[in-house]
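Note sheet for the following structure.
2 protein chains.
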Amino acid sequence: MEEAQANKKNAQKAQKQAKADKANAKAEKANAKAAVVPVVIGMTASKETNFSQWYHELVIKAELVEYYNEISGFYILRPAAMHIWNTIRGWFNERIEKMGVEETSFPMFLSSKSLEKEKEHVEGFAPELAWVTKAGDKDLEVPVAVRPTSEAVMYPYYAKWIRSHRDLPFRLNQWNSVVRWEAKQTTPFLRAREFLWQEGHTAHLTEELAAKEVLEILELYAGVYEQLLAVPVVRGKKTENEKFAGGYWTSTCEAYIPTNGRGIQGATSHALGQNFSRMFDITVEDPHKKGEKINVWQNSWGLSTRVIGVMVMLHSDDKGLVLPPRVAKIQAVLIPVGITAKMKPEERTAHMDRVDELRADLKKANVRVEIDDREGYTPGYKFADWEMKGVPLRLEFGPKDAAASVVTYSRRDTGFKGTIPIAELATQVPALLEEIQKNLYEKADASFRSHRVQLTDWSRVVPALNDRNVVLIPFCEEPKCEDRIKEITKSDEVHELGPDGQKLPSMGMKSLCIPFEQPEAIVKGETKCLNPECEAFAKSWVMFGRSY
Amino acid sequence: MEEAQANKKNAQKAQKQAKADKANAKAEKANAKAAVVPVVIGMTASKETNFSQWYHELVIKAELVEYYNEISGFYILRPAAMHIWNTIRGWFNERIEKMGVEETSFPMFLSSKSLEKEKEHVEGFAPELAWVTKAGDKDLEVPVAVRPTSEAVMYPYYAKWIRSHRDLPFRLNQWNSVVRWEAKQTTPFLRAREFLWQEGHTAHLTEELAAKEVLEILELYAGVYEQLLAVPVVRGKKTENEKFAGGYWTSTCEAYIPTNGRGIQGATSHALGQNFSRMFDITVEDPHKKGEKINVWQNSWGLSTRVIGVMVMLHSDDKGLVLPPRVAKIQAVLIPVGITAKMKPEERTAHMDRVDELRADLKKANVRVEIDDREGYTPGYKFADWEMKGVPLRLEFGPKDAAASVVTYSRRDTGFKGTIPIAELATQVPALLEEIQKNLYEKADASFRSHRVQLTDWSRVVPALNDRNVVLIPFCEEPKCEDRIKEITKSDEVHELGPDGQKLPSMGMKSLCIPFEQPEAIVKGETKCLNPECEAFAKSWVMFGRSY
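Respectively, the protein sequence lines represent chains A and B.
Under full-length UniProt numbering, the first residue of the first sequence carries the number 1, and numbering increases by one thereafter.
Under full-length UniProt numbering, the first residue of the second sequence carries the number 1, and numbering increases by one thereafter.
Spelled out as structure tokens, the structure:
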């Protein structure tokens, strides 16, 4: 009996051991497998708690940029970013061509001589000029600088080419890169030592014609933000303090980053007035007064790859990039799922053939779609990978979907999941993409609207800024008052996160723009400037905020 | 009687005087008018007798480029040139995108450190590097050079991005400008210190896959020349002497300039082999042998604004530029003629309305058409102006044309004039433009074919070159033999025109390419190399010529 008992116990033990061995072996096998299964290295920083680190991490992991280790402050733009930029380029080019703007390409260098002509304008750029002093091993007789912008490069030729009022309007644009050797901390897209942009330079007979163009271009810039990037902007005029150095007046579209409540300048379109045409002697004979000369009225306007940074900061989340469908290189990714080892090869082939058909249907409907049929990657890996890269729509197709004649989808913007009948794919997917585009814009617009706070009580200004708002206040528009406002809204309260995650004291607010759309009329000679130290009357409602 | 006679005489005299006065007044008026009537400053140099001066004059007067006076060796590309370049860019981009090439943008600077890695390749560029040594007024710790090409800029990142054979083929392209501070005389488009180009850089798993792409790209380059620019090219391989420094082998398309009989390299597509992947350690695991590494096989390929120069030299004439319709910004110019001062204002308006309708019809037919309704310019001025600018088709429309329901046309390529019924404008004008495109190509092709002379008699080589031919000769393909051929074909005979119109001794010939299409088989071990000093057998028929 004892023996029998003991035997039984031993047998049980042996059984247990065998079971454990089997489990171990299974686990080991699973581990071994896990070791070769690639894992998406997801985001580690959180947008809400460490915005700056989150941004730097995101642009790399979503493969928008790569740091250029060789020289600091420079970035490599990768295909996903270039697709966005090229989409903008095509959209904008089509529209300015219709206005009669022509494309040109000026050299990247300017001589020290031509810089001397326009001191006021140049002073701002001088500390950031990159100087070529040698060619091969020989010193250049006259050093040349890489253009930080092209006024000094182009305008001597405007004097030559514009001979008569018949040559007006004279409008040229170029797409290039410019170099500004910033001493400040650089950030991909937002502040880099070299960046891509377009710069338009035009000349007109009258102030009115020039002004009309300034605003037409501004509206196109707003269109780039609102229609392509789903970023709402406020259109307005810059104050004297913030206008382009050497210009007449500057129009701007201003965006807003909800996460830190900062304003960010989107793009600017400048009326240069006659300042440059006087310096460079760009004149035509007055068509109405024979023998009299008119200095032409000039504009310049530029849009840079900064737009991509604004878009990234606004829409993306802790899973990675969120791309508006209109600028996404891949709008929908089609992932075969539920393919198991048990499936017969012919079943598998048949299933993949159906996936190919789905892609063909979508391509016909002008959807930029790709299949992810990488082997050795789990669907989970693929889901995370495409979420990181911001693809607006994920389409899954497995045997169950096939049986039901549907495709399962998941929206990147909301995470919402649903199914679409295969027969309706070619209509519903484009509609869904437009829906995502619209939703991104509306969400951002609602956020911006609810964070533009109109104030008539000075004591509420700094708390409003601390609550991540920009503010609209009655303002006298005086440069000195503006300087003072910046000074007195500085706060020692420590609540913002800097580039390395450390706490920083809050910066003062500066004027973002005088919005063209005023919330209500300013009663002249009645409404006071909101700055408590200022005795002047207000001229307009001005949008102030902490800003980039 | 005497008195009567005298009176008559006097009367006659007075009449004569009055007539003369009237004539004088008319002439004066005409002169005064002439003084304000603009006159096209036509070409002064002739293509046939002073080719170089003709070319330099033409590119300025046709408004393709402007000299950049500030810094020598740089040129401004004007809208007519940018239109050509953008047409090429669009055409080429569409095709490489289909191949799976993606766009990128790397910084314009490279550090001295990264240059050290690939000495052989860099040596050739070193004397032409533009060095930035200062930013603002501060010296840079490490000087940086403006890229002359981007191998050294890009390939360190290829090592980072290419992790597995699944990442292959890896293909990036960028459109940018590069700087090569040439010591040689510069020429617009052909040799400038800064020029626009595209540079493609790709990596492949095997030699075969890489080679396939090299030739696919070469075929696209040939397409740019033949299909867009109406320039025939010979496709072939470069000899060892002429291949890309540091590369494996180079494919090329070679064009020909009939006026001086010189060959000109059109564009090159390089197989880099594994040289760079060894230098930059770009490897993947062998998919067939676990644990073993393979250095990837790389290619690079570039097409520059040089193409525009070749096109200009080939088709243009003493009246100015001749543009192939497919790249012309303005394909047809519509000039109202026969509008006299006698015409009633309402007749004039009605006529101009009809001109507007003609333009609308042509625009609908996708013709890039413009009306020249400038006042104060004679039709003769306008004709000369548009001929100078190379517009392929001139359309004239006067009251007589209106009465006959036709438009009168004049072809820029042949000068042929005819009429087109208005009802057929939308079909005949596009057909005529294609006919012009075809004619330009065929004329150039016939010229190139008749000047590619196959020779088996050494004594005929130099005379053939002097007769503006390129030659096809049996050649051993040995670098030293090639050097020697260049030496012994130099001629003291003075018959060529240099940049300033002076006579120059003739340069020796160099190899242009080993054409893929051989005129006949070389009998191995039988046909001798044509160089009389060479004892070796020929390997192939090689195209030699004086060249740019």
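Every residue gets a Cβ at the ideal spot worked out from N, C-alpha and C, and that includes glycine.
Fair warning: this is a prediction, and the values are worked out from it, not measured in the lab.
First and last residue of the alpha helix (DSSP H) that includes residue i?
i               : result
G200 of chain B : Looking at the DSSP string, G200 of chain B is not in any alpha helix (DSSP H); the run it does join, the beta strand (DSSP E), is E194 to H204.
T349 of chain B : P345 to K364
W85 of chain A  : P79 to M99
V407 of chain A : No alpha helix (DSSP H) contains V407 of chain A, which is instead part of the beta strand (DSSP E) from V406 to R411.
S114 of chain A : S112 to E116
K319 of chain B : First-last for K319 of chain B: undefined, no H or E at that position.
E254 of chain A : Here E254 of chain A belongs to no alpha helix (DSSP H); instead the beta strand (DSSP E) covers W249 to I257.
In this structure, how does DSSP classify residue i when only helix, strand and coil are distinguished?
i                      : result
F537 of chain B        : strand
L314 of chain B        : helix
S277 of chain B        : helix
Q437 of chain A        : helix
I71 of chain A         : coil
F51 of chain B         : helix
E477 of chain B        : coil
W301 of chain B        : strand
Q454 of chain A        : strand
A34 of chain B         : Note that A34 of chain B scores a pLDDT of 42, beneath 50, so its modelled location is shaky; the value from the coordinates is reported in the next line. Of the three classes helix, strand and coil, the one that applies to A34 of chain B here is helix, per DSSP.
P127 of chain A        : helix
F544 of chain A        : strand
K61 of chain A         : helix
E28 of chain A         : The predicted model places E28 of chain A with a pLDDT of 45, which falls under 50 and marks its position as unreliable; any figure quoted below should be read in that light. Three-state DSSP puts E28 of chain A in a helix.
I488 of chain A        : helix
K528 of chain A        : strand
I282 of chain B        : coil
V296 of chain A        : coil
W386 of chain A        : helix
F109 of chain B        : strand
residue 549 of chain A : Outside the displayed range of chain A (1 to 548) lies residue 549 of chain A, so it cannot be described from this structure.
V233 of chain A        : coil
K443 of chain B        : helix
For the beta strand (DSSP E) holding residue i, just list the boundary residues, first then last.
i               : result
E141 of chain B : K138 to V146
Q265 of chain B : R262 to G273
P336 of chain B : A332 to P336
L164 of chain B : Residue 164 of chain B is actually Ser in this sequence, not Leu. Looking at the DSSP string, S164 of chain B is not in any beta strand (DSSP E), and its letter there is neither H nor E.
R394 of chain A : L393 to F397
P421 of chain B : K417 to P421
I41 of chain B  : From DSSP, I41 of chain B is part of no beta strand (DSSP E); its letter is neither H nor E.
Just tell me which of the options has its CA closest to the CA of residue i.
i                      : options                           : result
K293 of chain B        : B:T44, B:A159 and B:A444          : B:A159
A267 of chain A        : A:S251, A:R278 and A:G320         : A:S251
F195 of chain B        : B:C534, B:V65, B:M154 and B:Y548  : B:V65
residue 563 of chain A : A:L314, A:D361 and A:V142         : With chain A running from 1 to 548 in the structure shown, residue 563 of chain A is simply not present.
A183 of chain A        : B:A183, B:K134, B:R348 and B:E226 : B:K134
L512 of chain A        : A:A80, A:A536, A:A203 and A:E477  : A:E477
T104 of chain A        : A:N173, A:R359, A:H201 and A:M543 : A:N173
P463 of chain A        : A:I71, A:R171 and A:S506          : A:S506
L472 of chain B        : B:M279, B:W85 and B:M509          : B:M509
T239 of chain A        : A:F537, A:Y75, A:E520 and A:I514  : A:I514
Residue i: beta carbon under 7 Å from a heavy atom of the ligand ATP?
i               : result
A255 of chain A : For the structure depicted, the ligand ATP is absent and the ligand set is empty, with no information on it obtainable.
Interface positions of the stretch 67-86 of chain B facing chain A (Cβ-Cβ less than 7 Å), listed along the chain: Y68, E70, I71, F74, I76, L77, R78, P79, M82 and N86
Just by C-beta distance, which residues in the stretch 87-109 of chain A are closer than 7 Å to chain B? E102, E103, T104, S105, F106, P107, M108 and F109
Please list the residues of the stretch 114-136 of chain A that have a C-beta atom closer than 8 Å to any C-beta atom in chain B, keeping them in chain order. S114, A126, P127, E128, L129, A130, W131, V132, T133, K134, A135 and G136
Would you be able to state if there are at least three C-beta pairs under 8 Å between the stretch 315-334 of chain A and the stretch 368-380 of chain A? yes
Scan the stretch 176-208 of chain B for residues whose Cβ lies nearer than 7 Å to a Cβ of chain A and list them as they occur along the chain. S177, W181, E194 and L196
Between the stretch 350-373 of chain B and chain A, which residues of the former have CB atoms less than 8 Å from a CB of the latter, in chain order? none
Between the stretch 198-217 of chain B and the stretch 294-303 of chain B, do at least 3 Cβ pairs fall closer than 8 Å? yes
Would you be able to state if there are at least three C-beta pairs under 8 Å between the stretch 442-453 of chain B and the stretch 232-240 of chain B? yes
Is the number of C-beta pairs between the stretch 253-272 of chain B and the stretch 474-491 of chain B that are closer than 8 Å three or more? no
Touching or not, the stretch 61-78 of chain B and the stretch 278-294 of chain B, by the rule of three or more beta carbon pairs under 8 Å? no
Taking contact to mean at least 3 C-beta pairs separated by less than 8 Å, is the stretch 458-473 of chain A in contact with the stretch 523-535 of chain A? yes
Residues of the stretch 156-174 of chain B with a CB closer than 9 Å to any CB of chain A: list them in chain order, please. P156, Y157, K160, W161, R166, L172 and Q174
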